[in-house]
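Note that this note's numbering has the sequence shown beginning at 91, numbered continuously upward.
We put the beta carbon where it would ideally sit given N, CA and C, even for glycine.
None of the values given here were measured: they were computed from a predicted structure.
Encoded as structure tokens, the structure appears first; notes follow it.
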Amino acid sequence: MFEGVYFENPDLLHLLWVLLFQGILMWVYWHWRRSTLRRLGSPVLEQRLLQGFSIRRFRIKNILFSASLILVVLAIANPVKIVKIGGKLQLSSDVILVLDISNSMLAKDVLPSRLEKAKNFIQKLVPALEGERFGLVFFAGEAYPQMPLSTDAEALLMFVRNAHPDFITDQGTDIGTAIELAGRMLENEKETGQAIVLISDGENHEEKALQAVQAIRDAGVLLYTVSVGTTKGVMIPRQRGGNQRDFTGQTVRTSANEVLLRSLAEEAGGEALSMQEETLAIETIKTAVSRLQKSAAESNTTTGKVFYFPWLLLLAVVFLALEQVLWWRKKD
């Protein structure tokens, strides 16, 4: 149809075969009509019966009806075109969100679970920090850069909504590796303010967290920790029912380590926050980030869709209306 246009429902284009059925019906009707008129055996009677009949209008009516059918089928197949929407310059700081997706985040000492609570928190925090550049790190026993620095907040939120412990096979919790990775993702630009927001229950099975915090502090990066969960020990549910057990068969219990998260934040010159005071945590981070030095960054080029089906349906309605008002017979 047009360059760059594609059908979202191409299988529905098979409905165009109905035109073949219509053509067969018209052919059968026309031959039946001719054979019936021939049986009359009287040209005079035939002319009287066909008085005022216009073959041309008859054909136009069927062409209009066929065209409207084609347009309707094309419309429901939904032709769309992807268009690029250029980015624009904006002042922003760099913020890396570090989300704990270890098995302990499945604990339900906060409902619906620690992980879901953390996801909801991020989905409120990101709009509050509108205009900033975001990066995203998932971690458990290992850490992975889920999204590099970008102004595409929608993509980040999509990754967050789908986050699950199954994303990382090496379970456990290594906060140090996660902070170290987040620090490497930040660009070494002195004129741009940088911050890391760590969201975790604070369980840590490795010993290098303090070293990683000292490295980002020396680089001028602020660290804000947000704890989720309670200090009361709870069991970790399994997806298939029951609770998780260790290699000895003992039930695994988990509790939030707010003390560790507080010490990490203080060491980095940031602040320790709690998801139990969600509004305060969001406002504190928003205020801190707003004070960071900004630099010009081009927002990501986004894409949008141009839909053609409304115009196709409108044209189909026009053709059907013309087909209805056009008489087979000529006016006297």
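For glutamate 348, which of helix, strand or coil comes out of DSSP? Translated into the one-based positions of the sequence shown, residue 348 becomes position 258. Under the three-state reduction of DSSP, glutamate 348 is assigned to helix.
Beta-carbon separation of leucine 187 and leucine 226 under 8 Å? For the purposes of this step, residue 187 is identified with residue 97 of the sequence shown, where counting begins at 1. For the purposes of this step, residue 226 is identified with residue 136 of the sequence shown, where counting begins at 1. In terms of Cβ geometry, leucine 187 and leucine 226 form a close pair [threshold 8 Å].
DSSP three-state assignment for tyrosine 119, whether helix, strand or coil: Position 29 of the sequence shown, counted from the first residue, corresponds to residue 119. Tyrosine 119 sits in a helix when the DSSP states are folded into three classes.
Applying the 10 Å Cβ sphere with the 16-neighbour rule, what's the burial state of leucine 110? Residue 110 sits at position 20 when you count from the first residue of the sequence shown. Around the beta carbon of leucine 110, a 10 Å sphere encloses fewer than 16 other beta carbons of the protein chains shown; the residue is thus reported as exposed.
Is the beta carbon of serine 317 sitting closer than 8 Å to the one on serine 364? Here residue 317 is taken as the residue at index 227 of the sequence shown, counted from 1. Here residue 364 is taken as the residue at index 274 of the sequence shown, counted from 1. Yes, these two residues count as a Cβ contact at 8 Å.
Tyrosine 119, buried or exposed, once every other Cβ within 10 Å from all chains shown has been counted against 16: Counted from its first residue, the sequence shown places residue 119 at position 29. Tyrosine 119 should be labelled exposed.
At the level of alpha carbons, what is the spacing between lysine 395 and leucine 102? Walking along the sequence shown from the start, residue 395 turns up at place 305. Walking along the sequence shown from the start, residue 102 turns up at place 12. Rounded to whole angstroms, lysine 395 to leucine 102 spans 20 Å at the Cα level.
Within 7 Å: the Cβ of asparagine 99 and any heavy atom of the ligand GTP? Looking at this structure, you won't find the ligand GTP or any other ligand, since it has none at all.
Run through DSSP, which three-state label would leucine 105 get? Locating residue 105 in the sequence shown gives position 15, counting from the first residue. Reduced to three states, the DSSP call for leucine 105 is helix.
What span of residues does the beta strand (DSSP E) with aspartate 184 cover, start to end? Position 94 of the sequence shown holds residue 184. Segment 184-190, the beta strand (DSSP E) holding aspartate 184.
Are leucine 247 and alanine 406 close, meaning C-beta to C-beta below 8 Å? Sequence index remark: in the sequence shown, residue 247 carries index 157 (1-based). Sequence index remark: in the sequence shown, residue 406 carries index 316 (1-based). No, these two residues do not count as a Cβ contact at 8 Å.
Alanine 358 vs arginine 307 beta-carbon contact at 8 Å: By one-based count along the sequence shown, residue 358 stands at place 268. By one-based count along the sequence shown, residue 307 stands at place 217. Contact: yes.
For aspartate 199, I'd like the list of residues in its chain whose CB is within less than 7 Å of its CB, leaving aside the five on either flank, ordered along the chain. Numbered from 1 along the sequence shown, position 109 holds the residue referred to as residue 199. Excluding five sequence positions before and after aspartate 199, the CB atoms of its chain that fall closer than 7 Å to its own CB belong to Gly319, Thr320, Lys322 and Val324, given in chain order.
State whether the stretch 343-354 contacts the stretch 218-233, with contact taken as three or more CB pairs (one from each stretch) at a distance under 8 Å. Not touching, per the Cβ criterion.
What residue range does the beta strand (DSSP E) around valine 227 cover? Within the sequence shown, residue 227 is the residue found at index 137, counting from 1. Counting along the chain, the beta strand (DSSP E) containing valine 227 begins and ends at 223-229.
May I ask which residues mark the beginning and end of the alpha helix (DSSP H) holding proline 100? Here residue 100 is taken as the residue at index 10 of the sequence shown, counted from 1. Counting along the chain, proline 100 sits inside no alpha helix (DSSP H), nor does DSSP assign it H or E at all.
At the level of alpha carbons, what is the spacing between leucine 426 and histidine 104? Nothing about residue 426 can be reported from this structure: the residues present for the chain run from 91 to 422 only.
Nearest-angstrom Cα distance between isoleucine 375 and alanine 157? Taking the sequence shown and counting its residues from 1, the one referred to as residue 375 is at position 285. Taking the sequence shown and counting its residues from 1, the one referred to as residue 157 is at position 67. Near 60 Å, if we compare the C-alpha coordinates of alanine 157 and isoleucine 375.
Per DSSP, methionine 237 is paired with what? In the sequence shown, residue 237 corresponds to position 147, counting from 1. Under DSSP, methionine 237 shares a beta bridge with Leu226.
Quick one, are the C-beta atoms of serine 203 and proline 255 less than 8 Å apart? Working through the sequence shown from its first residue, we reach residue 203 at position 113. Working through the sequence shown from its first residue, we reach residue 255 at position 165. Judged by their CB atoms, serine 203 and proline 255 are not nearer to each other than the 8 Å cut-off.
Boundaries (first-last residue) of the beta strand (DSSP E) holding valine 438: For the chain, the structure presents residues 91 to 422; residue 438 sits outside this window and is missing.
Do you know how far the Cα of valine 342 is from the Cα of isoleucine 258? Working through the sequence shown from its first residue, we reach residue 258 at position 168. Working through the sequence shown from its first residue, we reach residue 342 at position 252. Per the coordinates, the alpha-carbon of isoleucine 258 lies some 19 Å from the alpha-carbon of valine 342.
Who pairs with threonine 263 in a beta bridge, going by DSSP? Looking up residue 263 in the sequence shown gives position 173. Looking at the DSSP assignment, threonine 263 forms no beta bridge with any residue, so it has no partner.
Taking all protein chains shown into account, decide if arginine 223 is buried (16 or more other Cβ within 10 angstroms of its Cβ) or exposed. Locating residue 223 in the sequence shown gives position 133, counting from the first residue. Burial state of arginine 223 is buried, judged by a 10 Å Cβ sphere holding 16 or more other Cβ atoms.
Between which residues of its own chain and methionine 91 is the CB-CB distance below 7 Å, once the five residues before and five after are set aside? Your numbering for residue 91 matches position 1 in the sequence shown. Reliability fails at methionine 91, whose pLDDT of 45 lies under 50, so the model's placement of it is uncertain and no value is given.
Let's test the definition: count the other Cβ atoms within 10 Å of the Cβ of leucine 239 and tell me whether it reaches 16, buried, or not, exposed. Translated into the one-based positions of the sequence shown, residue 239 becomes position 149. With 16 or more other Cβ atoms within 10 Å, it is buried.
Out of curiosity, what's the CA-to-CA distance linking aspartate 422 and isoleucine 166? Within the sequence shown, residue 422 is the residue found at index 332, counting from 1. Within the sequence shown, residue 166 is the residue found at index 76, counting from 1. With a pLDDT of 46 at aspartate 422, under the threshold of 50, the modelled position of that residue is not reliable, and the figure given next carries that caveat. Their backbone Cα atoms lie some 41 Å apart in a straight line.
Rounded straight-line distance, which links the Cα of alanine 245 to that of leucine 412: Reading the sequence shown from its first residue, position 322 is the one you call residue 412. Reading the sequence shown from its first residue, position 155 is the one you call residue 245. One C-alpha to the other measures close to 47 Å.
Extent of the continuous alpha helix (DSSP H) run through alanine 358: Here residue 358 refers to the residue found at position 268 when the sequence shown is read from its first residue. First-last for alanine 358: undefined, no H or E at that position.
Count the other CB atoms, across all protein chains shown, that sit within 10 Å of the CB of leucine 404; report buried if there are 16 or more and exposed otherwise. In the sequence shown, the residue the question calls residue 404 occupies position 314. With fewer than 16 Cβ atoms within 10 Å of its Cβ, leucine 404 is classed as exposed.
What is the residue span of the alpha helix (DSSP H) that glutamine 380 lies within? In the sequence shown, residue 380 corresponds to position 290, counting from 1. For the sequence presented, residue 380 should be read as serine rather than glutamine. Looking at the DSSP string, the run of the alpha helix (DSSP H) that includes serine 380 is 368-380.
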